[in-house]
Amino acid sequence: VNNQSFKSYGALAQHRIDLGFLNSRLIVGGYFDYSPSTYWARYLTIQKDVATNFYTGYTDTGRPLDDYKIDLYNTAAFAQYEVQATENLRLVGGLRYDRVQYNFSNNLSGSATSKKAAQRNSYNLVAPKLGLTYALGARQGVYANFSTGFQPPETGSLYSSRQLIELKQANFTNYEAGGWVALFDRKVYLDLSVYDMEGRNEIVSILQADNSTQSENVGATRHRGVEYTLTYAPVSEVNFRLSGTNARHTYVDYSEVVQGRNRDYAGNRMLNAPNWIANAEVFYKPRFVPGARLGLEYQRIGQYYTNTANTKTYAGYNLLNLRLGYRLPQPAVQGLEVWANVVNLGNALYATTVTSNQYGTTYQAAAPRTYTLGVGYSFAGRAKE
Numbered sequence: 304v305n306n307q308s309f310k311s312y313g314a315l316a317q318h319r320i321d322l323g324f325l326n327s328r329l330i331v332g333g334y335f336d337y338s339p340s341t342y343w344a345r346y347l348t349i350q351k352d353v354a355t356n357f358y359t360g361y362t363d364t365g366r367p368l369d370d371y372k373i374d375l376y377n378t379a380a381f382a383q384y385e386v387q388a389t390e391n392l393r394l395v396g397g398l399r400y401d402r403v404q405y406n407f408s409n410n411l412s413g414s415a416t417s418k419k420a421a422q423r424n425s426y427n428l429v430a431p432k433l434g435l436t437y438a439l440g441a442r443q444g445v446y447a448n449f450s451t452g453f454q455p456p457e458t459g460s461l462y463s464s465r466q467l468i469e470l471k472q473a474n475f476t477n478y479e480a481g482g483w484v485a486l487f488d489r490k491v492y493l494d495l496s497v498y499d500m501e502g503r504n505e506i507v508s509i510l511q512a513d514n515s516t517q518s519e520n521v522g523a524t525r526h527r528g529v530e531y532t533l534t535y536a537p538v539s540e541v542n543f544r545l546s547g548t549n550a551r552h553t554y555v556d557y558s559e560v561v562q563g564r565n566r567d568y569a570g571n572r573m574l575n576a577p578n579w580i581a582n583a584e585v586f587y588k589p590r591f592v593p594g595a596r597l598g599l600e601y602q603r604i605g606q607y608y609t610n611t612a613n614t615k616t617y618a619g620y621n622l623l624n625l626r627l628g629y630r631l632p633q634p635a636v637q638g639l640e641v642w643a644n645v646v647n648l649g650n651a652l653y654a655t656t657v658t659s660n661q662y663g664t665t666y667q668a669a670a671p672r673t674y675t676l677g678v679g680y681s682f683a684g685r686a687k688e
């Protein structure tokens, strides 16, 4: 049993300067976030029916597993310069500095924990960005981008008493090229791109013999794929959208010690990395009910390997979600919107994550059919779409 709570305080400042030279502009800014959080977890005693192999209950032992506080500081500074090199060609160059710092305070001491009483971990990166966009006409064009980024370890992995391995930040380098086209009087729009992303020290979760997980850094990974978005609006009341990615995620430099032997997994597909992810939706906004919308959404997670040896797979899942909304048109309440969603409309039985090793497979069961109601207000007088 566990409990996590946090607060977050942030500020973003950005300034744009329009320059006369080649219709260029300079954007500079900064970001600051302070998020204090607390977390505690206790051991449970699990009851299991051996005959049916089902867990039937649990008892809270009251014995602490984790109990700590973290002050998270996230700061960033960025600058971006855009220039219209020719009538059809626009160039973009940018530089961003990010720094994430965790100040960890442990409420447990002595033999009750494997972590220090207090420690500080910081991660940072100076990330360049280059891009270009070339218009081939009023309704089509191409683009290319180069960027770098990083991902610090999550606090739940970094400071868990079960985490035995020190974690490094993950760094990524991404190359992307694509294009777009609008057809049939702009009723059809297609955006298609290919990408090649290289990862260093990417963090993965490995299932252990006792069914716990251990986070580890992978020496090198590679992610190659195609991303696409297709929209079609045959009439003003109806809109169709399909977005997806087909990709191959592989280990370039990674090995594990399995039953006393070193296993090299270079060239294998990464675990929990689907080969296809898709999202499609159809929205209907009836003219006779101004402000109303009705949408049906389809989600697809394709097959993926559940272990690094690539001997076990999970077929993935398909979901349907129903979304209803109504934006009140009356001037007195303009900007007020109510909505209702039904997630997992078909009440499908599926797992959000499946992980395997030589001892077995662990499934994280997803929620059944779920109903949500909400109310929103836009101070600009326009509701969220």
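Numbers given in my numbering equal positions in the sequence shown, counted from 1, plus 303. Here a beta-carbon is modelled for each residue, glycine too, at the ideal position from N, C-alpha and C.
Whole angstroms are fine: how far does the CA of Y437 sit from the CA of A768? Residue 768 lies beyond the stretch modelled for the chain, which goes from 304 to 688, so this question has no answer here.
With distance defined between alpha-carbon atoms, name the residue in L623, L676, N644 and V657 nearest to N650. Ranking L623, L676, N644 and V657 by Cα distance to N650 puts L623 first.
Distance, N575 Cα to T609 Cα: Rounded to whole angstroms, the separation of the alpha carbons of N575 and T609 is 6 Å.
What's the C-alpha gap between R328 and A430? Going by the C-alpha atoms only, they are around 20 Å apart.
Cα-Cα, which of Y358, G502 and Y666 is closest to S515? Nearest of Y358, G502 and Y666 to S515, Cα basis: Y666.
Since N406 contacts R423 with CB under 8 Å, what's their CB separation in whole angstroms? That pair is a contact at about 5 Å.
When you compare only the Cα positions, how much space is there between N448 and L368? Rounded to the nearest whole angstrom, the CA to CA distance from N448 to L368 is 45 Å.
Throw me the rounded Cβ distance for the Y371 and Y346 pair, which I believe falls under 8 Å. Not a contact, Cβ separation roughly 16 Å.
Whole beta strand (DSSP E) elements within the segment 382-434, 3-residue minimum: The DSSP assignment places 392-409 as complete runs of the beta strand (DSSP E) inside the segment 382-434, in order along the chain (cut-off: 3 residues).
Taking the beta strand (DSSP E) that S308 belongs to, which residues open and close that run? N305 to F309 is the extent of the beta strand (DSSP E) around S308.
I'd like to know whether the C-beta atoms of V555 and R525 end up nearer to each other than 7 Å. Closer than 7 Å, so yes.
So if DSSP puts G528 in a beta bridge, which residue, or which two residues, is it bridged to? Answer by DSSP bridge pairing, in chain order: Y498 and A550.
Cβ pair count under 8 Å reaching 3, the segment 347-354 against the segment 380-394: The count of Cβ pairs closer than 8 Å, one atom from the segment 347-354 and one from the segment 380-394, stays below three, leaving the stretches out of contact.
Can the beta-carbon of S496 be found less than 7 Å from the beta-carbon of E457? Against a cut-off of 7 Å, the Cβ pair of E457 and S496 comes out as no contact.
Can you tell which of A523, Q661, V646 and S450 has the C-alpha that lies nearest to the C-alpha of L676? Measuring from the Cα of L676, the nearest candidate turns out to be V646.
Tell me which residue opens and which closes the beta strand (DSSP E) that S558 is part of. S558 to V561 is the span of the beta strand (DSSP E), which, as asked, contains S558.
Between R551 and the rest of its own chain, which residues show a CB-CB distance below 6 Å, the 5 nearest in sequence each way excluded? The beta carbon of R551 is closer than 6 Å to those of R527 in its chain, skipping five residues each way along the sequence.
Sort out for me which residues DSSP pairs G628 with in a bridge. In DSSP, G628 forms a bridge with R596 and W642.
Indicate whether L648 and L625 have their beta-carbon atoms separated by less than 7 Å. With respect to the 7 Å criterion, L648 and L625 are classified as neighbours on the basis of their beta carbons.
Measure the alpha-carbon distance for S681 versus W642 and round it to whole angstroms. CA-to-CA, the gap between S681 and W642 works out to about 14 Å.
Hey, how far is the Cα of G674 from the Cα of Y568? Residue identity check: residue 674 is Tyr in the sequence provided, not Gly. In this structure, the straight-line span from the alpha carbon of Y674 to that of Y568 is close to 43 Å.
Between W483 and D494, how many whole angstroms is the CB-CB distance? I'm expecting something under 8 Å. The pair is a contact, with the Cβ atoms about 4 Å apart (cut-off 8 Å).
Would you tell me roughly how many angstroms separate the C-alpha atoms of E640 and L631, rounded to the nearest one? Whole-angstrom Cα-Cα distance: 6 Å.
Grab the span of the beta strand (DSSP E) containing T614 for me, first residue to last. Segment: none, T614 is in no beta strand (DSSP E) and carries neither H nor E.
Please specify which runs of the alpha helix (DSSP H), each continuous and at least 4 residues long, are wholly inside the segment 444-522, giving them in chain order. Taking only runs of at least 4 residues, the alpha helix (DSSP H) segments lying wholly in the segment 444-522 are 458-461.
Measure the Cβ-Cβ separation of T655 and A669 and say whether it is below 7 Å. For T655 and A669, yes; Cβs fall inside 7 Å.
Alpha carbons only, please: which of T451, Y617 and I330 is nearest the one belonging to A473? Among T451, Y617 and I330, the Cα nearest to that of A473 is on T451.
Three-state class that DSSP yields for N326 in the structure shown: It is helical.
Buried or exposed for R672, please, with buried defined as at least 16 other CB atoms from any protein chain shown within 10 angstroms of its CB. Under this definition R672 is an exposed residue.
Rounded to the nearest angstrom, what separates S464 and Y376 at their Cα positions? If you take the alpha carbons of S464 and Y376, they lie about 22 Å apart.
Quick check on the DSSP output: the beta strand (DSSP E) that includes R564 runs from which residue to which? Element bounds for R564: R564 to D567.
To the nearest angstrom, report how far apart N306 and A344 are at their CA atoms. Approximately 7 Å, taken between the alpha carbons.
Can F475 and G434 be called in contact, C-beta distance under 7 Å? For the pair F475 and G434, the CB atoms are not nearer than the 7 Å cut-off.
In whole angstroms, what separates the C-alpha of Q454 from that of L627? Rounded to whole angstroms, Q454 to L627 spans 36 Å at the Cα level.
Can you give me the Cβ contacts of F543 inside the same chain, cut-off strictly under 6 Å, excluding the 5 residues immediately before and after it? Taken in chain order, the residues that qualify are Y535 and V585.
Could you tell me which residues DSSP puts in a beta bridge with K351? Answer is Y358, bridged to K351.
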